[in-house]
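What follows is a set of notes on a single structure, which appears directly below.
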Amino acid sequence: MAEHIENAVASEEVVSVNFIEAEINKDNEEGVYGGRVHTRFPPEPNGYLHIGHAKSICLNFGLGKEYNGSTNLRFDDTNPEKEDVEYVNSIMEDVKWLGFDWTGDVRYASDYFGQMYEYAQKLISLGKAYVDDQTAEEIRQTRGDFNTPGTNSPYRERSIEENLALFEDMKQGKFKDGEKVLRAKIDMADPNIVMRDPVLYRIVNAEHHRTGAEWNIYPMYDFAHPIEDAIERITHSVCTLEFEVHRPLYDWVLVDWDDTEIPRQIEFARLNVTKMVMSKRKLRALVEAGLVSGWDDPRMPTISGLRRRGYTPSAIRDFCNRIGVAKADSTVDIALLEFCIREDLKLKAPRPMVVVDPVKVIIDNYPEGQTEIVTVENNPENEELGSREVTFGREIYIERSDFMEEPVKKFFRLAPGKEVRLKGAYFITCQSVIKDENGNITEIHCTYDPETKSGSGCTRKVKGTLHWVEASTAVDMEVRLYDYLLCEESDNKDFIADFNTESLQIMHSKGEASLATTVAGDHFQFLRQGYFVTDKDSEPEHIVVNRIVGLRDSWAKQQNK
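Taking my numbering, the leading residue of the sequence shown gets 6, the next gets one more, and so forth.
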């Protein structure tokens, strides 16, 4: 009977799929593409990718892998005034770093400029496109709105022959920027404003990062994108929700395409994260204003910034998997992203002792000039990481916040007359403090109990345990403590004015001797401080680390509630 019930349960199991997978499954069942799945990731090389693009990368490459299909990396390089090889290289690095690889060679919209031009000529010949002399402002004014239909251009009824000749002259560079455009001839009264004779080509007399000065006209994204998909025989063009209103134009562009197998566009909700600027335009403004050190500033939500901050590929993939794929836009709490990096590192990262804001402690009854070795576990949650030996001596550093001259209630750290444990070492008791002329504490004098060494079998208990660093072997460190880019009360509209001027705090800290050999990319959990990574600025004589995230996990607490 038990076996019968088990089999019945197994037979009723339903594999959960998101709505995009459901659409692909339906196409496969109906043989729409012969069971073939071919996706693409099509960034514009006009800036560095951010965490929102990571969701699209994981989705598109993940679908290709899930269905044993293919995924292209294609750059939509149709705007030479804003594009650069620097962005191309950074995007390829980001995709690789996230753990994905593309099918075949990297592709570019510029690979297909010739085919796009020929297809535009075909649309003109079919009476479906015309050259317009109106300015961009005139086109905008005559397009109408949701309540008012648009007005036909006075150039809409030009002959096919005249349009072909003018379009060729545009290609030959005979006109100035903005002097003419090629528009689709659809319907100026269409309820969808996107379909009111959209611009297909504009004049841009600028050098292209790949084609140089070969072209003086460039296709608009809405014209180029479906053609690129069709040429590459993409089956499912997965994009974010703002392109839903553009889908009729996507389909219109391909009506006269020679291939009968036409890609289909499917939209999903873009990723919005609290306390993050999710716009390449805004991020570029921050870079150009000098408010951050560059696109990879660890405060930036760019993939390169997150990488430098210390986020791992597996943490970001986990984050994208947890948020799922939805049809409606929503905002994800940044606490979930922070939870994912904590989960990824908690068993991997060793836990050295670093005193971020140090104050010196002198143990008066410990022999001068003497040091000893104590053993400390590398990660108490993962015994496989073993232990390490740490030097202990008469002079050490502790966190300034771990001492209070007039302790408040439930303050269980060091205070005059109070006893605490030094992790892996001894109990110490504060006897006195020394201050400078401004009243700041410069030294804390203590005594230790030699019978209380960790591992000695001492049964006496104290409530507080402090991390510490021995003074003579301490490594000087620059610790960078990062906060969010925008002020807490920001509405993300005037983001320059809302820039958080306190988003970077640099501390001159002390670390245990083992950190002298750290290299860029090393991850740690500094005891009671948070998770950190060694920065690319770090050198043997000048160790620099970034705080990835603190130890407080608000997202996990919310889930437990």
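Each residue gets a CB set at the ideal place from its N, CA and C atoms; glycine is no exception. This structure is a prediction, so every number in the text was calculated from the model and none was measured.
Short Cβ contact (8 Å threshold) for residue i with residue j
i, j, result
"I56", "I308", "yes"
"S335", "A274", "yes"
"L68", "T44", "yes"
"P357", "G460", "no"
"R314", "N551", "yes"
"P303", "L103", "no"
"D138", "Y160", "yes"
"P154", "M200", "no"
"R5", "S115", "No statement about residue 5 is possible, as the shown extent of the chain runs from 6 to 566 and does not include it."
"I232", "Q146", "no"
"F228", "V258", "yes"
"A290", "I501", "yes"
"T523", "T539", "yes"
"N210", "G183", "no"
Nearest-angstrom Cα separation, counted from residue j out to residue i
i, j, result
"R347", "K287", "28 Å"
"K466", "V22", "54 Å"
"V360", "C63", "38 Å"
"D99", "Y431", "47 Å"
"G391", "I367", "30 Å"
"E546", "Y487", "23 Å"
"F66", "E143", "42 Å"
"M283", "K87", "18 Å"
"Y226", "N51", "13 Å"
"V204", "A189", "6 Å"
"Y402", "I439", "14 Å"
"F416", "K70", "54 Å"
"I548", "A354", "18 Å"
"V554", "K458", "32 Å"
"C463", "D454", "11 Å"
"N277", "I339", "9 Å"
"Q375", "K428", "19 Å"
"D234", "D195", "25 Å"
"D542", "Y38", "50 Å"
"G310", "E448", "38 Å"
"V19", "A27", "With a pLDDT of only 48 at V19, under 50, the local geometry of the prediction cannot be trusted, and the value read off the model is given with reservation. If I take the Cα positions, the gap works out to 13 Å."
"S75", "D264", "20 Å"
"K133", "Y124", "11 Å"
"L471", "L532", "9 Å"
"L520", "V381", "15 Å"
"T83", "P47", "12 Å"
Start and end residues, alpha helix (DSSP H) containing residue i
i, result
"G119", "118-130"
"Y226", "226-236"
"A340", "339-350"
"I56", "56-71"
"C325", "318-328"
"N94", "90-102"
Cβ neighbours of residue i in the same chain (closer than 6 Å, five flanking residues each side left out)
i, result
"L556", "G535"
"Q270", "S242, R252, Y255"
"R207", "V186"
"A479", "K515"
"G469", "F417, R418, V425"
"Y49", "The amino acid occupying residue 49 in the given sequence is Glu; Tyr does not appear at that position. Excluding sequence neighbours, E49 sits near D81."
"P412", "A420"
"N157", "M193"
Same chain, Cβ closer than 7 Å to residue i, neighbours up to 5 away in sequence not counted
i, result
"K127", "D261"
"W220", "F118, H213"
"N12", "The predicted model places N12 with a pLDDT of 43, which falls under 50 and marks its position as unreliable; any figure quoted below should be read in that light. Closer than 7 Å at Cβ, skipping near neighbours: no residue."
"F105", "I62, F66"
"N383", "P355, R356, L390, G391, S392, R393"
"Y489", "K280, N505, S508"
"L171", "V136, K185"
"D5", "Only positions 6 to 566 of the chain appear in the structure, and residue 5 is not among them; the question remains open."
"K351", "E386"
"T140", "G183"
Residue i: first and last residue of the uninterrupted beta strand (DSSP E) it sits in
i, result
"M482", "480-487"
"C451", "446-454"
"M512", "509-516"
"A189", "186-189"
"I144", "Element bounds for I144: not the beta strand (DSSP E) but the alpha helix (DSSP H), 141-146."
"Y38", "Per DSSP, Y38 belongs to no beta strand (DSSP E) and is neither H nor E."
"D137", "134-137"
"E404", "400-404"
"E272", "269-273"
Residues near residue i in its chain [Cβ-Cβ closer than 8 Å; skip 5 each side]
i, result
"D362", "E404, R405, S406, M512, S514"
"I25", "L64, L68, H241, V243, I271, F273, V330"
"K176", "Y122, W220, N221, I222"
"A364", "First, the residue type needs correcting, since residue 364 is Val and not Ala in the sequence shown. Here the set comprises Y402, I403, E404, R405, F408, I446, T447, E448, I449."
"P372", "R399"
Three or more C-beta pairs closer than 8 Å, one from the stretch 78-94 and one from the stretch 322-330: is that the case here? Segments in contact, no.
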